[in-house]
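Visitor:
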Amino acid sequence: MAELTIAAEGLRFPEGPVALADGSVALVEIAAGRVTRIAPDGGKSVIAEPGGGPNGLALGPDGKLYCCNNGGFNWREMNGFLMPHGQADDYSGGRIERIDPETGKVEILYRDGDFGASLRGPNDLVFDAHGGFWFTDHGKTRERERDVTGIFYARADGSLLKEVIFPSENPNGIGLSPDGTMLYAAETYTCRLMAFRVTAPGEVALDAGPGGPGIPLYRPAGYKFFDSLGVEENGNICVATIGESGISVISPMGELVEFVPTPDIFTTNICWGGEDRRTAYITLSGSGRLAAMDWPRAGLRLAHG
Numbered sequence: 051m052a053e054l055t056i057a058a059e060g061l062r063f064p065e066g067p068v069a070l071a072d073g074s075v076a077l078v079e080i081a082a083g084r085v086t087r088i089a090p091d092g093g094k095s096v097i098a099e100p101g102g103g104p105n106g107l108a109l110g111p112d113g114k115l116y117c118c119n120n121g122g123f124n125w126r127e128m129n130g131f132l133m134p135h136g137q138a139d140d141y142s143g144g145r146i147e148r149i150d151p152e153t154g155k156v157e158i159l160y161r162d163g164d165f166g167a168s169l170r171g172p173n174d175l176v177f178d179a180h181g182g183f184w185f186t187d188h189g190k191t192r193e194r195e196r197d198v199t200g201i202f203y204a205r206a207d208g209s210l211l212k213e214v215i216f217p218s219e220n221p222n223g224i225g226l227s228p229d230g231t232m233l234y235a236a237e238t239y240t241c242r243l244m245a246f247r248v249t250a251p252g253e254v255a256l257d258a259g260p261g262g263p264g265i266p267l268y269r270p271a272g273y274k275f276f277d278s279l280g281v282e283e284n285g286n287i288c289v290a291t292i293g294e295s296g297i298s299v300i301s302p303m304g305e306l307v308e309f310v311p312t313p314d315i316f317t318t319n320i321c322w323g324g325e326d327r328r329t330a331y332i333t334l335s336g337s338g339r340l341a342a343m344d345w346p347r348a349g350l351r352l353a354h355g
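In my numbering, the protein residues as written are 51 to 355.
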């Protein structure tokens, strides 16, 4: 396995990397409330400043960036790492935003209460081939209480928002299999990778097992937490793993293919860029860095990437 190189540093808890066609990477800085572009030479420029807590990011069918905004965290530093610490004192509400990468214009596409849905802390999203997108709501944590949340499906034109899976145990990362028939969600505190059989856009099979529609695909031993995920072209699911610090590569059959270590306990996201999609970009959030490395397998070509 190739070594990590640092593509950018000095970021405020980066997540949601998106490899762009010009070789740059768009990502969020959750603690700064902004969306940032990282140039190939490591230079940083601000795309937009939506405030709150921009968390997940994806390119939509219209070329705009779609952002899961969790409404904001409080923060603290420990042992040189920045980390989220509960719901922000100035929490501004969960929402889905559409951002023009050229002008920086931010439009709220969906917010808490729209279509009767409760959006507490939208976290991550993935578009399907039909122009809609799945997203997780990780919820918010307050003293002595934590939200019970679910997994949603929405249309990019603002015409549909629905909660498809409820309850879901603190869902975080989300992705689709190469053929779009399986939806994967990583649960943070339970540290489980769940699989759901997609039956139609915005629908999953409800008969997977006695615990609900999802099938527990993989769960590691030890004191670890799952964050966001990415899918390889061959169908492997790459889950950012907090605590053990790295990327857990899991086969569609639920077997650990390999574990790729990283130098940050808050390793949170992975995406792929380059002409052959073999350059992995990994967010080292606690230390505020974006890393890059040659990956042995190609990342999946995303629906609108």
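Each residue gets a CB set at the ideal place from its N, CA and C atoms; glycine is no exception.
It should be emphasised that the depicted structure is a prediction, and the values quoted were computed from it without experimental measurement.
Please report the Cβ distance between G83 and G103, rounded to the nearest whole angstrom; I am assuming they are in contact, meaning their Cβ atoms lie under 8 Å.
Guide: Indeed they touch by this definition, with Cβ atoms about 7 Å apart.
Visitor: Using the Cα positions of E282 and L350, report the straight-line distance between them to the nearest angstrom.
Guide: Going by the C-alpha atoms only, they are around 5 Å apart.
Visitor: Quick one: is Y273 buried, meaning 16 or more other Cβ sit within 10 Å of its Cβ, or exposed?
Guide: Classification of Y273: exposed, given that the 10 Å Cβ count is below 16.
Visitor: Can you give the Cα-Cα distance for G136 and R328, rounded to whole angstroms?
Guide: Whole-angstrom Cα-Cα distance: 35 Å.
Visitor: Helix, strand or coil, according to DSSP, for F177 in the structure here?
Guide: Three-state DSSP puts F177 in a strand.
Visitor: At the level of alpha carbons, what is the spacing between E253 and R62?
Guide: So the alpha carbons of these two residues sit roughly 36 Å apart.
Visitor: Can you tell me where the beta strand (DSSP E) holding G182 begins and where it ends?
Guide: Unbroken beta strand (DSSP E) run through G182: 182-187.
Visitor: Quick check on the burial criterion: 16 or more other C-beta atoms within 10 angstroms. Buried or exposed for P395?
Guide: Nothing in the structure corresponds to residue 395, since the chain is present only between 51 and 355.
Visitor: With a cut-off of 8 Å, does the C-beta of T55 fall near any C-beta of chain C?
Guide: The question asks about chain C, but that chain is absent: this structure has only one protein chain.
Visitor: Going by CA-CA distance only, name the one from E308, S335, T317, F316 that's closest to W345.
Guide: Answer by Cα proximity: E308.
Visitor: Taking a contact to mean a Cβ-Cβ separation below 8 Å, would you say V68 touches C288 in this structure?
Guide: Not closer than 8 Å, so no.
Visitor: Confirm, please, whether the CB-CB distance from F183 to A204 is below 8 Å.
Guide: Their beta carbons are under 8 Å apart, which means A204 touches F183 by this criterion.
Visitor: Can you look up I315 in the DSSP assignment and give me helix, strand or coil?
Guide: DSSP places I315 in coil when its eight states are reduced to three.
Visitor: Inspect the beta-carbon positions of I292 and F275 and report whether they are closer than 8 Å.
Guide: A contact, by the Cβ cut-off of 8 Å.
Visitor: Consult DSSP for G225 and reduce its assignment to one of helix, strand or coil.
Guide: If DSSP states are grouped into helix, strand and coil, G225 belongs with the strands.
Visitor: Beta carbon of V214, beta carbon of I224: below 8 Å?
Guide: Contact: no.
Visitor: Could you check the C-alpha separation between M244 and N105 for me, to the nearest Å?
Guide: When rounded, the distance between both Cα atoms is 21 Å.
Visitor: So what's G144 in DSSP terms, helix, strand or just coil?
Guide: The answer is coil: DSSP assigns G144 none of H, G, I, E or B.
Visitor: Assuming D257 contacts T318 (C-beta within less than 8 Å), just tell me the rounded distance between them.
Guide: At roughly 33 Å, the Cβ-Cβ gap does not stay under 8 Å, so D257 and T318 are not in contact.
Visitor: Could you tell me the alpha carbon to alpha carbon distance between A138 and Y116, rounded to whole angstroms?
Guide: About 22 Å.
Visitor: Along the chain, where does the beta strand (DSSP E) that runs through C288 open and close?
Guide: Its beta strand (DSSP E) spans residues 287-292.
Visitor: Here's the rule I'm using: 16 or more other beta-carbon atoms within 10 Å means buried, otherwise exposed. How should G93 be labelled?
Guide: Classification of G93: exposed, given that the 10 Å Cβ count is below 16.
Visitor: Contact check, S335 vs P64 under 8 Å by CB: the rounded distance?
Guide: Yes, they are in contact, since the Cβ atoms of S335 and P64 sit about 6 Å apart, within 8 Å.
Visitor: Nearest-angstrom Cα distance between I315 and A341?
Guide: Computed Cα separation, rounded: 14 Å.
Visitor: Secondary structure at F165, three-state DSSP: helix, strand or coil?
Guide: Helix.
Visitor: For D157, which residues in the same chain have their Cβ closer than 7 Å to its Cβ, ignoring the five residues on either side in sequence?
Guide: First, the residue type needs correcting, since residue 157 is Glu and not Asp in the sequence shown. Result list for E157: E147, R148, in chain order.
Visitor: Would D174 and C118 be called neighbours here (beta carbons separated by less than 8 Å)?
Guide: Closer than 8 Å, so yes.
Visitor: By DSSP's criteria, V68 is part of a beta bridge. Which residues make up the other side?
Guide: In the DSSP output, where bridge partners are listed per residue, V68 has A76.
Visitor: Quick check on the DSSP output: the beta strand (DSSP E) that includes A57 runs from which residue to which?
Guide: It spans 55-58 - the beta strand (DSSP E) in which A57 sits, taken as one unbroken run.
Visitor: Between which two residues does the beta strand (DSSP E) holding F246 run?
Guide: F246 -> beta strand (DSSP E) spans 242-250.
Visitor: Can you tell me the Cα-Cα spacing of D178 and D207, whole angstroms?
Guide: Distance between the alpha carbons of D178 and D207: 14 Å.
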